[in-house]
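Below is one structure, written out as C-alpha coordinates; the observations come after it.
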Amino acid sequence: MAAGTWYTWGGGHGSQPGATYGQVDPTDPDSAHDPERLGFDCSGLVRHAYAEATGSDILDGIASQQYYTHRAAARFTAAQGLAPLLPGDLLAWGTSKDLHHIAIYLGAGKMVEAKESGTRLMVSDVRMNGYFGAVRVNTGQVTGHIHQTWGTDVWTKEKPSLGAARVYAFPYSTTIRVQCQIHAEMVSAEGYDNDVWSYLPDYRAWVSNIYIKGPAWLDGVRDCGTTNPVPMV
1207 MAAGTWYTWG
1217 GGHGSQPGAT
1227 YGQVDPTDPD
1237 SAHDPERLGF
1247 DCSGLVRHAY
1257 AEATGSDILD
1267 GIASQQYYTH
1277 RAAARFTAAQ
1287 GLAPLLPGDL
1297 LAWGTSKDLH
1307 HIAIYLGAGK
1317 MVEAKESGTR
1327 LMVSDVRMNG
1337 YFGAVRVNTG
1347 QVTGHIHQTW
1357 GTDVWTKEKP
1367 SLGAARVYAF
1377 PYSTTIRVQC
1387 QIHAEMVSAE
1397 GYDNDVWSYL
1407 PDYRAWVSNI
1417 YIKGPAWLDG
1427 VRDCGTTNPV
1437 PMV
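This note's numbering puts the first residue of the sequence shown at 1207, with every later residue one more than the last.
Listed below in C-alpha coordinates is the structure:
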(Lines of atoms letter the chains of each structure in order from A and count residues from 1; the text may use other names and numbers.)
(Lines give C-alpha, C1' and ligand atoms only; values in the text may rest on other atoms or scores of the structure.)
Protein backbone atom coordinates (compact mmCIF):
# COMPACT_ATOMS: atom_id res chain seq x y z
CA MET A 1 0.00 0.00 0.00
CA ALA A 2 2.72 2.41 -1.04
CA ALA A 3 1.98 6.11 -1.26
CA GLY A 4 2.73 5.99 -4.99
CA THR A 5 -0.08 3.52 -5.73
CA TRP A 6 -2.70 4.83 -8.14
CA TYR A 7 -6.28 5.67 -7.34
CA THR A 8 -8.34 3.62 -9.77
CA TRP A 9 -12.13 3.57 -9.86
CA GLY A 10 -13.38 0.17 -8.65
CA GLY A 11 -9.87 -0.87 -7.60
CA GLY A 12 -9.48 -3.16 -4.61
CA HIS A 13 -12.78 -4.99 -5.01
CA GLY A 14 -11.59 -8.33 -6.30
CA SER A 15 -12.36 -11.71 -4.76
CA GLN A 16 -9.68 -10.96 -2.14
CA PRO A 17 -8.40 -7.66 -0.69
CA GLY A 18 -5.60 -6.05 -2.66
CA ALA A 19 -4.92 -3.78 -5.59
CA THR A 20 -6.75 -4.49 -8.86
CA TYR A 21 -7.08 -2.78 -12.23
CA GLY A 22 -9.92 -0.28 -12.27
CA GLN A 23 -12.77 0.70 -14.53
CA VAL A 24 -13.86 3.78 -16.44
CA ASP A 25 -16.24 5.91 -14.38
CA PRO A 26 -18.76 7.23 -16.93
CA THR A 27 -19.18 10.40 -14.86
CA ASP A 28 -15.45 11.21 -14.65
CA PRO A 29 -13.30 11.83 -17.76
CA ASP A 30 -10.16 11.58 -15.59
CA SER A 31 -10.84 7.84 -15.15
CA ALA A 32 -10.08 7.03 -18.81
CA HIS A 33 -6.78 5.36 -17.86
CA ASP A 34 -8.04 3.59 -14.73
CA PRO A 35 -8.36 0.19 -16.50
CA GLU A 36 -4.58 0.40 -17.09
CA ARG A 37 -3.76 1.30 -13.47
CA LEU A 38 -3.32 -1.17 -10.62
CA GLY A 39 -4.63 0.40 -7.42
CA PHE A 40 -7.56 1.19 -5.17
CA ASP A 41 -10.62 3.36 -4.93
CA CYS A 42 -11.48 4.82 -1.53
CA SER A 43 -13.33 1.78 -0.15
CA GLY A 44 -10.93 -0.67 -1.79
CA LEU A 45 -8.12 0.97 0.16
CA VAL A 46 -10.05 0.75 3.45
CA ARG A 47 -10.83 -2.92 2.78
CA HIS A 48 -7.17 -3.71 2.05
CA ALA A 49 -5.82 -1.78 5.05
CA TYR A 50 -8.11 -3.53 7.52
CA ALA A 51 -7.45 -6.93 5.97
CA GLU A 52 -3.72 -6.33 6.36
CA ALA A 53 -4.18 -5.21 9.97
CA THR A 54 -6.52 -7.99 11.08
CA GLY A 55 -5.72 -10.89 8.75
CA SER A 56 -9.39 -11.10 7.76
CA ASP A 57 -11.57 -9.49 5.08
CA ILE A 58 -13.89 -7.69 7.52
CA LEU A 59 -14.73 -4.55 5.51
CA ASP A 60 -15.64 -5.73 2.04
CA GLY A 61 -18.10 -3.42 0.29
CA ILE A 62 -18.54 0.15 -0.89
CA ALA A 63 -17.98 3.27 1.24
CA SER A 64 -21.52 3.45 2.64
CA GLN A 65 -21.50 -0.22 3.65
CA GLN A 66 -18.17 0.23 5.40
CA TYR A 67 -19.43 3.25 7.32
CA TYR A 68 -22.66 1.47 8.34
CA THR A 69 -20.79 -1.72 9.25
CA HIS A 70 -22.33 -4.03 11.83
CA ARG A 71 -18.84 -4.03 13.35
CA ALA A 72 -19.20 -0.46 14.61
CA ALA A 73 -17.76 -0.02 18.10
CA ALA A 74 -18.52 3.73 18.25
CA ARG A 75 -19.85 6.46 15.97
CA PHE A 76 -19.08 10.17 15.84
CA THR A 77 -21.01 12.98 14.19
CA ALA A 78 -19.53 15.82 12.17
CA ALA A 79 -20.56 18.20 14.98
CA GLN A 80 -18.15 16.41 17.35
CA GLY A 81 -15.23 17.28 15.12
CA LEU A 82 -11.98 15.33 15.21
CA ALA A 83 -11.27 15.54 18.94
CA PRO A 84 -12.75 12.13 19.93
CA LEU A 85 -11.17 10.23 17.02
CA LEU A 86 -8.34 7.71 17.16
CA PRO A 87 -5.98 6.53 14.42
CA GLY A 88 -7.73 3.85 12.38
CA ASP A 89 -11.21 5.37 12.63
CA LEU A 90 -13.03 5.65 9.31
CA LEU A 91 -14.08 9.10 8.07
CA ALA A 92 -17.02 9.48 5.66
CA TRP A 93 -18.29 12.26 3.41
CA GLY A 94 -21.75 12.82 1.95
CA THR A 95 -25.22 12.31 3.39
CA SER A 96 -27.01 9.37 5.00
CA LYS A 97 -28.57 8.64 1.60
CA ASP A 98 -25.32 9.04 -0.33
CA LEU A 99 -21.99 8.45 1.40
CA HIS A 100 -19.57 8.80 -1.48
CA HIS A 101 -16.08 8.87 0.09
CA ILE A 102 -14.27 7.17 2.96
CA ALA A 103 -10.76 7.48 4.38
CA ILE A 104 -8.67 6.31 7.35
CA TYR A 105 -7.82 8.73 10.15
CA LEU A 106 -4.13 8.90 11.07
CA GLY A 107 -4.35 11.36 13.97
CA ALA A 108 -3.32 15.01 14.32
CA GLY A 109 -5.85 16.07 11.69
CA LYS A 110 -4.37 13.83 8.97
CA MET A 111 -5.84 10.95 6.96
CA VAL A 112 -4.78 8.50 4.27
CA GLU A 113 -7.05 8.26 1.26
CA ALA A 114 -7.54 7.14 -2.30
CA LYS A 115 -9.05 10.41 -3.45
CA GLU A 116 -9.90 10.48 -7.16
CA SER A 117 -8.85 9.35 -10.64
CA GLY A 118 -5.57 10.86 -11.81
CA THR A 119 -4.07 10.89 -8.30
CA ARG A 120 -2.13 8.44 -6.17
CA LEU A 121 -2.72 7.32 -2.58
CA MET A 122 -1.99 10.27 -0.35
CA VAL A 123 -1.87 11.62 3.17
CA SER A 124 -4.15 14.66 3.42
CA ASP A 125 -5.48 17.14 5.93
CA VAL A 126 -8.98 16.07 6.96
CA ARG A 127 -11.50 18.07 4.91
CA MET A 128 -14.48 19.24 6.94
CA ASN A 129 -16.48 20.37 3.90
CA GLY A 130 -19.10 17.65 3.36
CA TYR A 131 -17.76 15.58 6.27
CA PHE A 132 -20.54 13.29 7.55
CA GLY A 133 -19.00 11.53 10.53
CA ALA A 134 -16.73 8.70 11.64
CA VAL A 135 -16.97 5.12 12.80
CA ARG A 136 -14.61 3.09 14.99
CA VAL A 137 -14.39 -0.51 13.83
CA ASN A 138 -14.66 -3.46 16.19
CA THR A 139 -12.07 -5.92 14.89
CA GLY A 140 -12.99 -8.59 17.46
CA GLN A 141 -16.02 -10.74 17.96
CA VAL A 142 -19.32 -9.10 16.99
CA THR A 143 -22.15 -9.29 19.51
CA GLY A 144 -25.87 -8.72 19.09
CA HIS A 145 -28.48 -10.05 16.69
CA ILE A 146 -26.74 -10.35 13.32
CA HIS A 147 -28.90 -10.98 10.25
CA GLN A 148 -28.69 -10.79 6.48
CA THR A 149 -30.86 -8.80 4.10
CA TRP A 150 -31.80 -9.85 0.60
CA GLY A 151 -32.86 -7.92 -2.48
CA THR A 152 -31.36 -4.82 -4.11
CA ASP A 153 -31.93 -1.13 -3.38
CA VAL A 154 -34.00 -1.86 -0.26
CA TRP A 155 -34.60 1.40 1.62
CA THR A 156 -34.38 1.87 5.36
CA LYS A 157 -36.82 4.42 6.82
CA GLU A 158 -36.80 6.98 9.64
CA LYS A 159 -39.95 5.36 11.07
CA PRO A 160 -41.54 1.91 10.59
CA SER A 161 -43.75 3.14 7.76
CA LEU A 162 -43.61 3.13 3.97
CA GLY A 163 -44.36 6.84 3.93
CA ALA A 164 -41.47 7.75 6.24
CA ALA A 165 -38.37 9.50 4.96
CA ARG A 166 -35.72 7.34 3.36
CA VAL A 167 -32.38 6.93 5.13
CA TYR A 168 -30.25 4.48 3.13
CA ALA A 169 -30.76 1.80 0.48
CA PHE A 170 -28.94 -1.53 0.71
CA PRO A 171 -27.35 -1.95 -2.75
CA TYR A 172 -27.45 -5.73 -2.36
CA SER A 173 -27.52 -8.40 0.37
CA THR A 174 -26.02 -6.83 3.50
CA THR A 175 -25.08 -8.01 6.99
CA ILE A 176 -27.00 -5.99 9.59
CA ARG A 177 -27.32 -5.74 13.37
CA VAL A 178 -30.91 -5.74 14.65
CA GLN A 179 -31.71 -4.12 18.03
CA CYS A 180 -35.43 -4.87 18.27
CA GLN A 181 -38.60 -5.34 16.21
CA ILE A 182 -42.17 -4.11 16.31
CA HIS A 183 -45.57 -4.69 14.72
CA ALA A 184 -46.32 -1.56 12.66
CA GLU A 185 -47.48 -0.81 9.11
CA MET A 186 -48.32 -3.82 6.93
CA VAL A 187 -46.04 -4.17 3.92
CA SER A 188 -46.80 -6.19 0.80
CA ALA A 189 -43.80 -6.84 -1.44
CA GLU A 190 -42.14 -9.61 -3.41
CA GLY A 191 -45.19 -11.83 -2.87
CA TYR A 192 -45.08 -11.51 0.93
CA ASP A 193 -47.16 -9.65 3.53
CA ASN A 194 -45.64 -8.68 6.88
CA ASP A 195 -46.32 -5.97 9.47
CA VAL A 196 -43.04 -6.46 11.38
CA TRP A 197 -40.26 -3.87 11.17
CA SER A 198 -36.77 -4.08 12.68
CA TYR A 199 -34.76 -1.22 14.15
CA LEU A 200 -31.15 -1.08 12.93
CA PRO A 201 -28.98 0.87 15.39
CA ASP A 202 -26.08 1.29 12.95
CA TYR A 203 -28.38 3.17 10.56
CA ARG A 204 -30.69 4.73 13.17
CA ALA A 205 -33.44 3.51 10.87
CA TRP A 206 -36.05 0.82 10.28
CA VAL A 207 -36.49 -1.87 7.63
CA SER A 208 -39.40 -4.17 6.85
CA ASN A 209 -38.72 -7.74 7.96
CA ILE A 210 -39.79 -8.84 4.48
CA TYR A 211 -36.25 -8.04 3.41
CA ILE A 212 -34.51 -9.81 6.33
CA LYS A 213 -33.75 -13.49 5.83
CA GLY A 214 -35.61 -15.61 8.40
CA PRO A 215 -39.10 -15.84 9.87
CA ALA A 216 -41.56 -12.94 9.79
CA TRP A 217 -40.86 -12.34 13.50
CA LEU A 218 -37.13 -12.83 14.08
CA ASP A 219 -36.27 -15.44 16.70
CA GLY A 220 -34.71 -14.10 19.89
CA VAL A 221 -35.07 -10.39 19.01
CA ARG A 222 -37.03 -8.38 21.57
CA ASP A 223 -40.12 -6.29 20.95
CA CYS A 224 -39.25 -2.58 20.67
CA GLY A 225 -42.51 -1.69 22.37
CA THR A 226 -41.96 -3.58 25.63
CA THR A 227 -38.83 -2.56 27.55
CA ASN A 228 -36.44 0.22 26.58
CA PRO A 229 -38.23 1.17 23.34
CA VAL A 230 -36.06 2.94 20.79
CA PRO A 231 -36.93 6.51 19.79
CA MET A 232 -38.77 7.05 16.54
CA VAL A 233 -35.91 8.97 14.93
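Glycine is no exception: its CB is placed at the ideal position from the N, C-alpha and C atoms.
Item, Value
"Counterpart residues of L1305 in DSSP-defined beta bridges", "G1300"
"Ordered list of beta strand (DSSP E) runs contained in the segment 1369 to 1420, each at least 3 residues", "1372 to 1376, 1381 to 1384, 1386 to 1395, 1398 to 1406, 1411 to 1414"
"For K1363: DSSP bridge partner residues", "R1372, W1412"
"Neighbourhood of L1291 by C-beta, 7 Å cutoff - its chain only, sequence neighbours within 5 removed", "F1282, Y1311, A1340"
"Start and end residues, beta strand (DSSP E) containing G1245", "1244 to 1246"
"Closest by C-alpha distance to H1389, when choosing among W1403, T1211, T1380", "W1403"
"Contact set for A1278: own chain, Cβ-Cβ below 6 Å, skip 5 residues either direction", "V1341, D1408"
"8 Å Cβ shell around W1215 - same chain, five flanking residues per side excluded", "G1228, Q1229, V1230, D1231, D1234, S1237, D1240, D1247, S1323"
"Start-end ranges of the alpha helix (DSSP H) lying completely within the segment 1253 to 1280, minimum 4 residues", "1269 to 1273"
"Selection from G1261, V1373, W1356 that minimises the alpha carbon distance to A1395", "W1356"
"Whole runs of the beta strand (DSSP E) within the segment 1309 to 1336, excluding any shorter than 3 residues", "1316 to 1319, 1328 to 1331"
"Beta strand (DSSP E) segment containing H1353, residue limits", "1351 to 1354"
"Short Cβ contact (9 Å threshold) for H1219 with A1269", "no"
"G1294 versus K1365: straight-line alpha-carbon distance, rounded", "32 Å"
"Cβ-based neighbour list, R1428, same chain, cut-off 7 Å, excluding 5 preceding and 5 following", "C1386"
"Residue from Y1273, T1325, E1391 with nearest C-alpha to Y1374", "Y1273"
"Own chain, CB closer than 8 Å to T1362, minus 5 neighbours either side, in chain order", "R1372, V1373, Y1374, A1375, F1376, L1406, Y1409, A1411, W1412, V1413"
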